[in-house]
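Read through the structure below, which is laid out as structure tokens, and then see the notes.
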Amino acid sequence: MQLIACPWCGPREEVEFSYGGQAHVPYPDAPGELSDEEWAHYVFFRDNPKGRFAERWNHSAGCRRWFNAIRDTATYRFERVYRLDDARPVTS
Amino acid sequence: MAELLRTHPLEAWSTAFADLPGTVAVTAEPFVATVDVRLGTVDAAVSAALGVGLPTAPNTWVPAGSGRAVWLGPDEWLLTSTDETPEELEARVRSAVLPFGGSATDVSAQRIGLRLTGARVRDVLATGCSIDLHPRVFGRGSSAQTTLGQAGVVLLGLSDTGDDVAVLVRSSFAGYLADWLLDAALEFTHDS
Numbered sequence: 001m002q003l004i005a006c007p008w009c010g011p012r013e014e015v016e017f018s019y020g021g022q023a024h025v026p027y028p029d030a031p032g033e034l035s036d037e038e039w040a041h042y043v044f045f046r047d048n049p050k051g052r053f054a055e056r057w058n059h060s061a062g063c064r065r066w067f068n069a070i071r072d073t074a075t076y077r078f079e080r081v082y083r084l085d086d087a088r089p090v091t092s
Numbered sequence: 093m094a095e096l097l098r099t100h101p102l103e104a105w106s107t108a109f110a111d112l113p114g115t116v117a118v119t120a121e122p123f124v125a126t127v128d129v130r131l132g133t134v135d136a137a138v139s140a141a142l143g144v145g146l147p148t149a150p151n152t153w154v155p156a157g158s159g160r161a162v163w164l165g166p167d168e169w170l171l172t173s174t175d176e177t178p179e180e181l182e183a184r185v186r187s188a189v190l191p192f193g194g195s196a197t198d199v200s201a202q203r204i205g206l207r208l209t210g211a212r213v214r215d216v217l218a219t220g221c222s223i224d225l226h227p228r229v230f231g232r233g234s235s236a237q238t239t240l241g242q243a244g245v246v247l248l249g250l251s252d253t254g255d256d257v258a259v260l261v262r263s264s265f266a267g268y269l270a271d272w273l274l275d276a277a278l279e280f281t282h283d284s
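Protein sequences appear in the order of chains A and B.
So that you can map any letter, position 53 of the first sequence is 53 in our numbering, and since no number is skipped, the others follow by simple counting.
If you want our numbering, it's the position in the second sequence, counting the first as 1, plus 92.
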């Protein structure tokens, strides 16, 4: 089974984690001024790259903390995990 | 109206546990008062108010008076006590952490404890748990929140020889976990 390195608990089995979708999707600065189409884009539209993808993960069976990870969607390889208050790492 | 008696969730398994050999002994621990503490930062003032230094290293626990202080997250701990009622413990911990912006909630009814002792304990746990429980990395003072079988548990290392582990499990999963442990221990019950 694939191991995912929780920033707090260290490497744990994949089944202990749950997926939280794309990371770094900012809440709109002025939500009251958004059109329906812009709301739909904020709520529903996500990137779907082949390759490195910044994602949110939750260690739900362990420390129950959210963290971010850079994962390759083609190989499932986790390249980096980082805490929510860390900046998005630069990956080549 | 009939009087409702306090019954341990694993009362019905006590005979089965008693039949296990000493190499894989399982005992259900009595009820303990337990409080969930949420607190942003831990410093000397908090430790002085609480009377125990909350562990800040992930996956560790420390003795706290008659009970234990278990790390559950970077801002969350489990405090137990065997000589206070849940109400007393909650009130004491709450008044200690409130000035620091923390909170305390009585969760005594949430989990029950199982004590696993014996030379084959690690073998039994390894059949349903991926955590490395070798005493070199999981000695006294270690803890782990993980799954055992299909149940979420907190494992506490109680000895440096790897033959004494406490398992905290949610009360509603206790029966399942007891059945699972008896099944996992079956292959180790005839080798002594």
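Where a beta carbon is used, it is the ideal one built from N, C-alpha and C, also for glycine.
What are the residues in the stretch 224-241 of chain B lying within 9 Å of chain A by C-beta distance? A236, Q237, T238, T239
Would the stretch 100-120 of chain B count as touching the stretch 258-267 of chain B if we require 3 or more Cβ pairs under 8 Å? Contact holds: three or more Cβ-Cβ distances are below 8 Å.
Is A/R80 near A/T73, with beta carbons less than 8 Å apart? no
Could you pull out every residue in the same chain whose Cβ sits closer than 6 Å to the Cβ of B/F230, ignoring the five residues on either side in sequence? Cβ neighbours of B/F230 beyond the five flanking positions: G249.
Neighbour list for B/S222 in chain A, Cβ cutoff strictly below 8 Å: For B/S222, the chain A residues whose Cβ falls inside 8 Å of its Cβ are M1, R12, E13, in order along the chain.
By how many angstroms is the C-alpha of B/A110 removed from the C-alpha of B/V129? 35 Å
Taking the alpha-carbon of B/A117 as reference, which of B/L171, B/R186, B/L206 has the nearest alpha-carbon? B/L206
For B/A141 and A/G20, the rounded distance between their alpha carbons: Cα to Cα, A/G20 sits roughly 38 Å from B/A141.
Pick out whichever of A/V25, A/Y76, A/N58, A/R83 has its Cα sitting closest to the Cα of A/E16. A/N58
With contact counted as at least three CB pairs below 8 Å, one residue from each stretch, are the stretch 179-195 of chain B and the stretch 132-148 of chain B in contact? yes
Tell me whether B/L96 is buried or exposed, calling it buried when 16 or more other Cβ atoms sit within 10 Å of its Cβ. That one is exposed.
Any contact of the stretch 208-221 of chain B with the stretch 121-135 of chain B, i.e. 3+ C-beta pairs under 8 Å? no
Does the distance from the C-beta atom of B/V213 to that of B/V246 stay below 8 Å? no
When you compare the CB positions of B/F280 and B/D215, do they come within less than 8 Å of one another, or not? Here B/F280 is near B/D215, since their CB atoms are less than 8 Å apart.
B/F230, enclosing beta strand (DSSP E) - first and last residue: Counted as a single uninterrupted DSSP element, the stretch harbouring B/F230 is not any beta strand (DSSP E), since DSSP gives it neither H nor E.
What is the rounded straight-line gap between the Cα of A/G51 and the Cα of B/D175? Looking at the two C-alpha atoms, the distance is approximately 56 Å.
Give the residues of chain B in contact with A/A61, contact being defined as C-beta atoms less than 8 Å apart. Identification of chain B residues near A/A61 by a Cβ-Cβ cut-off of 8 Å yields Q237, T238, T239, G244, ordered along the chain.
Residues of the stretch 155-174 of chain B with Cβ closer than 7 Å to any Cβ of chain A, in chain order: L164, G165, P166
Are the beta-carbon atoms of B/V126 and B/S200 separated by less than 8 Å? In the sequence on display, residue 126 of chain B carries Thr and not Val. At a Cβ-Cβ threshold of 8 Å, B/T126 and B/S200 count as neighbours.
The alpha helix (DSSP H) enclosing B/W153, as first and last residue numbers: Where B/W153 is concerned, there is no enclosing alpha helix (DSSP H), although the beta strand (DSSP E) it sits in stretches over 153-156.
Within 8 Å of any Cβ in chain A, is that where the Cβ of B/P150 sits? yes
Taking a contact to mean a Cβ-Cβ separation below 8 Å, would you say A/G156 touches B/Q202 in this structure? The structure shown has nothing for residue 156 of chain A, since chain A only spans 1 to 92.
With a threshold of 16 other CB atoms inside 10 Å of the CB of A/R83, please say whether the residue is buried or exposed. exposed
Beta bridge counterpart(s) of A/I70 as assigned by DSSP: A/I70 pairs with A/A54, A/R80.
Taking a contact to mean a Cβ-Cβ separation below 8 Å, would you say A/R56 touches A/N48 in this structure? no
Per-residue DSSP class, three states only, for B/V138: helix
Would A/R65 pass as a contact of B/P166 if the rule is Cβ separation under 8 Å? yes
Out of B/V124, B/G210, B/P227, which has the shortest C-alpha to C-alpha gap to B/L170? B/V124
Mind checking the stretch 43-73 of chain A against chain C and listing, in chain order, the residues whose C-beta falls within less than 8 Å of any C-beta there? Among the protein chains in the structure shown, which are A and B, there is no chain C.
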